[in-house]
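One structure is given below, encoded as structure tokens.
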Amino acid sequence: MQMALVLCIAAAGLGVSTQSSSAATLRATIDLSRQRMTVHVNGVRKYRWVVSTGKDGWLTKPGVYQPFAQREKFYSQKWKMSLPYLTFIGQDGTAIHGTYLTKKLGRRASHGCIRLSISNAQKFYKLVQEHGFWGTEVVVKR
1 MQMALVLCIA AAGLGVSTQS SSAATLRATI DLSRQRMTVH VNGVRKYRWV
51 VSTGKDGWLT KPGVYQPFAQ REKFYSQKWK MSLPYLTFIG QDGTAIHGTY
101 LTKKLGRRAS HGCIRLSISN AQKFYKLVQE HGFWGTEVVV KR
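For the sequence shown, this note's numbering gives the first residue as 1, with consecutive numbering after it.
Structure (structure tokens):
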């Protein structure tokens, strides 16, 4: 059922883009080489957080994304784990979410998603709600 939601939304043509949106008031930049996420609100840097991105065989894909769905409480049947404060950004199921595996933050450890501490994932989740999907841009770079 959960994957059906992702596939249905993906069929609508939402997700990854190749261009930056100048209308975005919330911009999150994920630096894959540094395992950091920097959040700008109205052009002003507000946060810089440690993340975990995709490990070998499950790399997080660089690109410009726009969120298209959120779930405060989400349980992945595929990975058998809770993914709190989840924000979908990729048609393939890629998301930004909280993790209880905080000792792995700062290194590549996920199946392609961008993991944050629970408190930081909650902050990002709320920021996306405030700015809306169309006002949010996620840039993943090497």
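Yeah, the Cβ is synthetic: ideal placement off N, Cα and C, and Gly gets one too. Predicted model, so just to flag it, every value in this text is computed and none were measured.
What is the residue span of the beta strand (DSSP E) that Phe88 lies within?
-> As a position in the sequence shown, residue 88 is number 88, starting the count at 1. Start and end: Leu86 to Phe88.
Between Gln70 and Lys61, what straight-line distance do the alpha-carbon atoms span, to the nearest angstrom?
-> The residue you call residue 70 lines up with position 70 of the sequence shown. The residue you call residue 61 lines up with position 61 of the sequence shown. Between Gln70 and Lys61, the C-alpha separation is close to 20 Å.
Which word fits Asn120, buried or exposed, when buried means at least 16 other C-beta atoms lie within 10 angstroms of its C-beta?
-> The residue given as residue 120 occupies position 120 in the sequence shown. Within a 10 Å sphere around the beta-carbon of Asn120 sit 16 or more other beta-carbons, which makes this residue buried.
Alpha-carbon spacing of Thr99 relative to Leu127, whole angstroms = Residue 99 sits at position 99 when you count from the first residue of the sequence shown. Residue 127 sits at position 127 when you count from the first residue of the sequence shown. Roughly 18 Å between the two C-alpha positions.
What whole-angstrom Cβ distance do Phe68 and Leu86 have, given they're in contact under 8 Å?
-> On the sequence shown, residue 68 is found 68 positions in, with the first residue counted as 1. On the sequence shown, residue 86 is found 86 positions in, with the first residue counted as 1. 12 Å between Cβ atoms; not a contact.
Could you check where the alpha helix (DSSP H) with Tyr125 kicks off and where it finishes?
-> As a first step, residue 125 is located in the sequence shown; it is residue number 125 there, counting from the start. For Tyr125, the uninterrupted alpha helix (DSSP H) segment begins and ends at Ile118 to His131.
Have a look at Gln129 and Ile89 and give me their C-alpha separation to the nearest angstrom.
-> To locate residue 129, count along the sequence shown from 1; it is residue 129. To locate residue 89, count along the sequence shown from 1; it is residue 89. Distance between Gln129 and Ile89, taken at the CA atoms: about 14 Å.
Please state whether DSSP places Thr94 in a helix, a strand or coil.
-> The residue labelled residue 94 in the question sits at position 94 within the sequence shown. Here Thr94 carries a coil assignment [DSSP, helix/strand/coil].
Roughly how many whole angstroms lie between the Cα atoms of His97 and Lys46?
-> In the sequence shown, counting from the first residue as 1, residue 97 sits at position 97. In the sequence shown, counting from the first residue as 1, residue 46 sits at position 46. Going by the C-alpha atoms only, they are around 18 Å apart.
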